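Trainee: So the sequence shown is numbered by the numbering used here: it starts at 25 and just counts up by one.
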Amino acid sequence: MIIEASSGGGGHGRIRLGMVGGGQGAFIGAVHRAAARIDDQFVLTAGALASDSARAKASARELGIADDRAYASFEEMAKAEGARPDGIEVVSIVTPNHLHAPVAKAFLEAGIHVICDKPLTRSLAEAEELVELVRKTGKVFVVTHNYTGYPMVRQARAMVANGDLGEIRLVQAEYLQDWLTERLEASGHKQAAWRTDPTRSGAGGCIGDIGTHAYNLACFVTGLELEELLAQLSTFVGGRRLDDDVQILLKWKGGAKGMLWASQVAVGNENGLTLRVYGTKGGLEWAQENPNYLWFTRYGQPRQLLTRGGAGALVEADRVTRVPAGHPEGYLEGFATIYAEAARAIRAALAGKAPDPAVIFPTVEDGLAGMKFIDAAVNSSASNGTWVRMTQMPTLLLS
Ligand code: SOE
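#1: For P381, which option in L273, T415, E340 has the closest C-alpha, if you only look at C-alpha atoms?
#2: Candidates G292, A238, A406: which alpha carbon is nearest W310's?
#3: In the DSSP output, which residue or residues are listed as bridge partners for C140?
#4: So, helix, strand or coil for F66, using DSSP?
#5: Where in the segment 311-362 do unbroken runs of the beta strand (DSSP E), each at least 3 residues long, occur, reported from the N-terminal end onward?
#6: Between D233 and ligand 1, is the CB less than 7 Å from at least one heavy atom?
#7: Is Q201 helix, strand or coil by DSSP?
#8: Would a C-beta distance cut-off of 8 Å place Q65 and R38 closer than the cut-off?
#9: Note down the Cα distance separating G228 from E357, rounded to an integer number of angstroms.
#10: Just confirm the distance between the C-beta atoms of V166 and F385, as a whole number of angstroms; I'd bet it's less than 8 Å.
#11: Excluding the 5 residues preceding and the 5 following R300 in the sequence, name in chain order all residues of the same chain whose CB lies nearer than 6 Å to its CB.
#12: Looking only at DSSP bridge pairs, what is R40 linked to?
#13: Just tell me which of M283, G333, L132, D267 has its CA closest to the CA of L5.
#14: By Cβ distance below 7 Å, which residues in the same chain neighbour A217 in space, the five residues on each side in sequence not counted?
#15: Do you know how far the Cα of T298 is from the Cα of P315?
#16: Note down the Cα distance separating L157 from V388, rounded to an integer number of angstroms.
#17: If you run the structure through DSSP and keep just helix, strand and coil, what is A255?
#18: Q179 and A337 look like a contact to me (Cβ under 8 Å); what is the Cβ gap, rounded to whole Å?
#19: My assumption, with CB atoms under 8 Å, is that G106 sits in contact with I136. Please give the rounded CB distance.
#20: Tell whether a beta-carbon distance below 8 Å holds between R265 and H122.
#21: Can you have a look at R332 and say buried or exposed, based on whether 16 or more other CB atoms are within 10 angstroms of its CB?
#22: Identify, in the order they occur along the chain, each residue of the same chain with its Cβ nearer than 8 Å to the Cβ of L189, setting aside the five sequence neighbours on each side.
#23: Around the C-beta of F98, are 16 or more other C-beta atoms found within 10 angstroms, so that it is buried, or is it exposed?
#24: Quick one: does the C-beta of K142 sit closer than 7 Å to a heavy atom of ligand 1?
#25: Which stretch, first to last residue, makes up the beta strand (DSSP E) that contains R300?
#26: Alpha carbon to alpha carbon, what distance is there between S75 and T145?
#27: Do you know how far the Cα of G354 is from the Cα of G173?
#28: If you draw a straight line from the alpha carbon of G212 to that of Q328, how long is it in whole angstroms?
#29: If you check the beta carbons only, do A134 and K103 fall under 8 Å apart?
#30: Given a threshold of 16 other Cβ atoms within 10 Å of its Cβ, counted over all protein chains shown, does K214 qualify as buried or as exposed?
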């Protein structure tokens, strides 16, 4: 995958990146940093990496961030970086959910582009406000629904759009894990603690953490908009305050039907994100744990195994492929594709242009769609499983 390095932000080759969250002991921050490095488009320049100032400084030092660019708070960082001629051009937000909105707001208002982890915010109201602010500031805003970065997911989306499946009838999405089978949060496990805490996570537990990935993937591949859902959210683990299993019936606009099952207590599953889509002419199946392959069946013909980089790979998949078929690309490369697409969009914005139409990334509107999905599911489940209409249809990714 080649990215034009000529029009670097601020007159240099690499885009200056800052990070909020992601200090010592964090998980997703390190993934973002690796993803940002894979295609060599960013240089980590500043950070407010932890809420504790000693840990923030120590974490920054470990990553080679200069002491004067290691901040004790995101407010201070946004102000200082926004005022520097060599300030960061984009910030990655890798904090628990409750900080996404305030941090994004501070950096957007300082004139800085944003890459934000999912789900977009802690509440739907915050997400709606954020969408307004992004529109007002005109900044690039990328949500890391990273599973849309895999080549064979891009392939699946292109095949649906090209009509290879005919009219879509069935959409089945699953995201199964087992790491919350026991009450890990009670033992001080940091990752489990905030994800099961409504004050930091919001109204959704499993549905926000991984259900939104499955939902985003289904929308991304099919291009369909959700019309109504009926949800059953459960908390199997005693003492837990948020859902750890989610089962949802889906009615898509145009008549397709489906189901979404997300669980963090499905013993034996690690990151079992799968998508199955069936139409009048064909069907396809993709599984995240084996992401270089896509099963496709034209009705009445034998099943075909399509491979990343192999015969039959479409241009949409090839443009996000780095190494030849048979050398696996995985989670970090898929994540890196979101960063590479962000780099293209940011370079275009810095040059005062629109990005190439081939550039695709999950936008703030997709983040909002995820928040509406959480909200509708929580409401449906709370009323003992009634059908809830989506107030506003999910917007599709920039394409
Ligand atoms: C934990 O469930 C987690 O790290 C999620 O928070 C991520 O979004 C998902 O990609 C992997 O699992």
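Positions of the beta carbon are idealized from the N, C-alpha and C atoms, including for glycine. Here the structure is a predicted model, which is why all the values come from computation and not from measurement.
Mentor: Quick look at the numbers:
#1: One-based indexing of the sequence shown puts residue 381 at position 357. It is E340.
#2: Taking the first residue of the sequence shown as position 1, residue 310 is located at position 286. Checked all of G292, A238, A406; the closest Cα to W310 is A238.
#3: Here residue 140 refers to the residue found at position 116 when the sequence shown is read from its first residue. BP columns for C140 point to I117, V167.
#4: As a working note, residue 66 is residue 42 in the sequence shown. Note: F66 maps to strand in three-state DSSP.
#5: 317-322, 328-331
#6: In the sequence shown, counting from the first residue as 1, residue 233 sits at position 209. Under cutoff, so the answer is yes.
#7: Locating residue 201 in the sequence shown gives position 177, counting from the first residue. Correct three-state label for Q201: coil.
#8: As a working note, residue 65 is residue 41 in the sequence shown. As a working note, residue 38 is residue 14 in the sequence shown. Yes, the Cβ-Cβ distance between Q65 and R38 is below 8 Å.
#9: Counting from one through the sequence shown, the residue named residue 228 turns up at place 204. Counting from one through the sequence shown, the residue named residue 357 turns up at place 333. For G228 and E357, the distance between alpha carbons rounds to 28 Å.
#10: Indexing the sequence shown from 1 puts residue 166 at position 142. Indexing the sequence shown from 1 puts residue 385 at position 361. Indeed they touch by this definition, with Cβ atoms about 5 Å apart.
#11: Along the sequence shown, read from residue 1 onward, the residue named residue 300 stands at position 276. Closer than 6 Å at the Cβ level, and outside the excluded window around R300, lie Q196, E309.
#12: Residue 40 sits at position 16 when you count from the first residue of the sequence shown. Partner(s): V67.
#13: Nothing about residue 5 can be read from this structure; the chain reaches only from 25 to 423.
#14: Working through the sequence shown from its first residue, we reach residue 217 at position 193. Only E209 meet the Cβ criterion.
#15: One-based indexing of the sequence shown puts residue 315 at position 291. One-based indexing of the sequence shown puts residue 298 at position 274. Computed Cα separation, rounded: 10 Å.
#16: Walking along the sequence shown from the start, residue 157 turns up at place 133. Walking along the sequence shown from the start, residue 388 turns up at place 364. Those two C-alpha atoms are separated by around 10 Å.
#17: Against the sequence shown, residue 255 aligns to sequence position 231. In the structure shown, A255 sits in a strand (DSSP, three-state: E or B).
#18: Locating residue 179 in the sequence shown gives position 155, where the first residue counts as 1. Locating residue 337 in the sequence shown gives position 313, where the first residue counts as 1. The pair is a contact, with the Cβ atoms about 6 Å apart (cut-off 8 Å).
#19: The residue labelled residue 106 in the question sits at position 82 within the sequence shown. The residue labelled residue 136 in the question sits at position 112 within the sequence shown. Sure, about 6 Å apart at Cβ, within 8 Å.
#20: Within the sequence shown, numbered from 1, the residue matching residue 265 stands at position 241. Within the sequence shown, numbered from 1, the residue matching residue 122 stands at position 98. No. Outside cutoff.
#21: Start at 1 with the first residue of the sequence shown, and residue 332 comes out as number 308. Result: buried.
#22: By one-based count along the sequence shown, residue 189 stands at place 165. So the list reads M183, V301, Y302, G303, T304, K305, G306, G307, L308, once near-sequence residues are dropped.
#23: Start at 1 with the first residue of the sequence shown, and residue 98 comes out as number 74. That one is buried.
#24: Residue mapping note: residue 142 aligns to position 118 of the sequence shown, counting from 1. Yes, the beta carbon of K142 sits closer than 7 Å to at least one heavy atom of ligand 1.
#25: Locating residue 300 in the sequence shown gives position 276, where the first residue counts as 1. 296-303 is the extent of the beta strand (DSSP E) around R300.
#26: Residue mapping note: residue 145 aligns to position 121 of the sequence shown, counting from 1. Residue mapping note: residue 75 aligns to position 51 of the sequence shown, counting from 1. So the two alpha carbons sit approximately 18 Å from each other.
#27: Locating residue 173 in the sequence shown gives position 149, counting from the first residue. Locating residue 354 in the sequence shown gives position 330, counting from the first residue. Taking the straight line from one Cα to the other gives about 10 Å.
#28: Working through the sequence shown from its first residue, we reach residue 212 at position 188. Working through the sequence shown from its first residue, we reach residue 328 at position 304. Whole-angstrom Cα-Cα distance: 47 Å.
#29: On the sequence shown, residue 134 is found 110 positions in, with the first residue counted as 1. On the sequence shown, residue 103 is found 79 positions in, with the first residue counted as 1. Yes. Within cutoff.
#30: Counted from its first residue, the sequence shown places residue 214 at position 190. Exposed is the call here.
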